[in-house]
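Here the structure is laid out as structure tokens; the discussion comes afterwards.
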Amino acid sequence: MTTASNRIRPRERDAIIQSLRAGVVPRSGQQHVQVGRAQEVGALVRDIERVVDGGATTRFVIGEYGAGKTFFLHLIRSVALKQKLVTMHADLAPDRRLHATGGQARSLYAELTRNTSTQAKPDGGALGAVVERFVSQSLTTARERSTSTEAVIRQRLGELSELVGGYDFAEVVAAYWRGHDTGNEQLKSDAVRWLRGEFSTKTDARAALGVRTIVDDANFYDQLKLLSRFVRMAGYTGLLVCLDEMVNLYKLTSAQARSANYEQILRIVNDSLQGTSAHLGFLFGGTPEFLMDTRRGLYSYEALQSRLAENTFATNGLVDNSGPVLRLAGLSQEDFYVLLTKLRDVFASGDPAAHLVPDDALTAFMQHCSQRIGDAYFRTPRTTIKEFLNLLAILESNPGEDWRHLLGAVRLEAETNPDLEPLDEVQEQPRASDDDLASFRL
């Protein structure tokens, strides 16, 4: 019998199933299908607590292609939201990088701000709400002190002046208040657009807001540090930035472009290790090739290789989850069996009486998959999950059909890792100048 505690809402149930059948991570409800990796989750929960306490952290979540890195990052984001952090996430792509000279870093920043979430707005688009919360708190404080709200805002934002870009950041937030106070929706909109990195020219920003700078390729990381301070002022506990598909840096055909991006990563790592960032966490998701390839990966950059070197004692089954690199082991067969039971339960909306297949079907399904593709069915389970849900969908649409008759129709192919495809080394034009690269060296 299903109870209120284990019932899964139809909307959440459908979102989980549709996402997994499409081979993508569901935006919510990950807790219903999470299995294993308790130690890895625990390590990152401690990182979140460090950010809440005013520290900084940088982690590289490394796992084989299809091992569930993206799902894991989404799960950690949901944990961070419950701890009242603001989270941002984006996938790197050819037009979205950490460093560039053609707008790609600003594009990454704009994607991050579009995917800004809070516990009240977990699906993104929360940056405007964060600013509104800060302004509302300032308004309350001004009333208590019998002073002007703008004076309170400027006083609260005064500490940002020590950071790069802090003055203009404060001016933009003050402009948002003026729009709020006068009912000027255009001014409020322009302020949020500036904070989202949507102004492409300084001329437009100056005309709209009276500031001389915009978010661009050169100040991408500095702007994130400003936001980490700002969200604290708005009453949140910190900022967590999740960047997935880091392998797209590994795939850059220009050695100079890769080096410049690795310089930016080095800067983030150094700030985290040296304690010069506050209330700010970074999670980078990538494959072993992105990390360890000494020709194109992070290990090709000597300073990063030394900082990310793994504990030499972590061998023969021993693990160290306290270092900057967190390796995601593949699921075990036992974990995968538990996963199938959870997927079956989600499909039944949490009602055991509505299960479409018995326990025997789960074991038979695993045996069939093992015969088709070997251990890959549970170590890199994306395709296997899709096929299992497809099987349940057929049974749901055809009541009375015997699952045994359908099992032989399950067709699986082991996933191939596109990161291992040969990549040519060419030079990208225009070339980055020595001054451009030197500005990111520590």
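According to this note's numbering, the stretch in the sequence shown is residues 391 to 832, in order.
For each residue, glycine too, the CB sits at the ideal point set by N, CA and C.
Burial state of residue 613 is buried, judged by a 10 Å Cβ sphere holding 16 or more other Cβ atoms. As computed with DSSP, residue 448 is found in a beta bridge with 672. Distance check between residue 620 and each of 681, 414, 682, 668 places 668 closest, using alpha-carbon atoms only. Here residue 626 has 474, 475, 476, 508, 520 as same chain residues with Cβ atoms under 8 Å from its own Cβ, once five neighbours each way along the sequence are excluded.
In the structure shown, residue 795 falls within a helical segment according to DSSP collapsed to helix, strand and coil. Relative to residue 454, the option among 400, 792, 677 whose CA is nearest is 677. Going by DSSP, residue 478 is part of the beta strand (DSSP E) stretching over 476 to 481. Around the beta-carbon of residue 792, fewer than 16 other beta-carbon atoms lie within 10 Å, marking it exposed. Burial is judged here by how many other beta carbons sit within 10 angstroms of a residue's own beta carbon; residue 467 has at least 16 and is buried. Per DSSP, reduced to three states, the secondary structure at residue 488 is coil, with no helix or strand assignment. Residue pairing by DSSP places residue 634 opposite 481 in a beta bridge. Shown here, residue 507 sits in a strand according to DSSP, grouped into three states. Of the residues 464, 405, 444, the one whose Cα lies closest to the Cα of residue 633 is 464. Contact between residue 671 and residue 437 holds: CB atoms are separated by about 6 Å, below the 8 Å threshold. As the crow flies, the alpha-carbon of residue 737 is around 9 Å from that of residue 406. Put simply, the region 739 to 749 does not touch the region 412 to 420. Fewer than three CB pairs are less than 8 Å apart. For residue 716, the enclosing beta strand (DSSP E) begins and ends at 715 to 717. As computed with DSSP, residue 629 is found in a beta bridge with 476, 670. In the structure shown, the three-state DSSP call for residue 789 is coil. Residue 424 sits in coil when the DSSP states are folded into three classes, being neither helix nor strand. Residue 656 sits away from residue 699, with the two beta carbons spaced by 8 Å or more. Runs of the beta strand (DSSP E) lying entirely within the region 496 to 550, each at least 3 residues long, are absent. Remark: fewer than three beta-carbon pairs, one from each stretch, lie closer than 8 Å, so the region 485 to 502 and the region 520 to 540 are not flagged as touching. The region 675 to 690 and the region 632 to 652 touch, with three or more beta-carbon pairs separated by less than 8 Å. Closest in C-alpha terms to residue 651, from the list 611, 684, 756, 570, comes 611. Contact annotation: residue 597 and residue 527 have beta-carbon atoms that are not nearer than 8 Å.
The count of Cβ pairs closer than 8 Å, one atom from the region 708 to 716 and one from the region 426 to 443, reaches three, so the stretches are in contact. If you look at residue 732, you'll find it in the alpha helix (DSSP H) that goes 723 to 737.
Residue burial annotation: residue 735 is buried, with at least 16 other C-beta atoms found within 10 angstroms of its C-beta.
As the crow flies, the alpha-carbon of residue 797 is around 18 Å from that of residue 729. Taking a cut-off of 8 Å on C-beta distances, the region 582 to 600 touches the region 499 to 507, as three or more cross pairs fall below it.
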